[in-house]
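In the numbering used here, the protein residues as written are 11 to 135.
Each residue gets a CB set at the ideal place from its N, CA and C atoms; glycine is no exception.
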Amino acid sequence: MESHGKTKRVLIVDDEVAVRDFLNRFLTMYGFEVKLVMSGQSAIEVFKEYDFDIVFLDVRIPYVDGIKTYQEANKLKPHLKFVMMSGYAVEDLLKDILSKDGVYFLKKPFDMEELKRIIQELKRT
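Pasting the structure below:
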């Protein structure tokens, strides 16, 4: 789904309620349409039913982790942009993913300037 002048649709995948709520409020304020899920399995099911432009995806989520969720989502919807998020040192695990176009990394707790920069870049794409 290409968004030319339309509201961009964002899926937030995080098992922490506080993170989902914060990103929901923040991204809505920037004009994004947001859907929230708390697991990788839920995200994969949602990808089959809905189109999104951007996915904010926690790397460490229970059951189906963020890396597996990314791989499955990328097969289903290769146009998606991803913001991989983690409070842990996972950059080595994500090396291959982060080398792809349209994939960003956001460390928790969020650096607000970095979050704003990524959002502005995503709004332009």
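If you keep only unbroken alpha helix (DSSP H) runs of at least 4 residues inside the segment 40-67, you get 50-59.
By the CB criterion at 8 Å, ILE22 and PHE66 fall inside the cutoff. The continuous alpha helix (DSSP H) containing ARG134 extends over residues 122-134.
Within the same chain, PHE115 come within 6 Å of LEU108 by CB-CB distance, once the 5 residues on both sides are set aside.
In the DSSP assignment, PHE115 forms a beta bridge with MET94. Nearest C-alpha to LEU37 among ILE64, GLN51, VAL27 and SER52: ILE64. The alpha-carbon separation between LYS91 and GLY112 amounts to approximately 5 Å.
For ARG35, the three-state secondary structure derived from DSSP is helix. Judged by DSSP secondary structure, LEU103 falls outside any beta strand (DSSP E); it is assigned neither H nor E. Nearest to SER96 by C-alpha distance, out of GLU55, ARG134 and VAL29, is VAL29. A contact between stretches requires three or more CB pairs, one per stretch, nearer than 8 Å, and the segment 48-55 meets this requirement with the segment 77-84.
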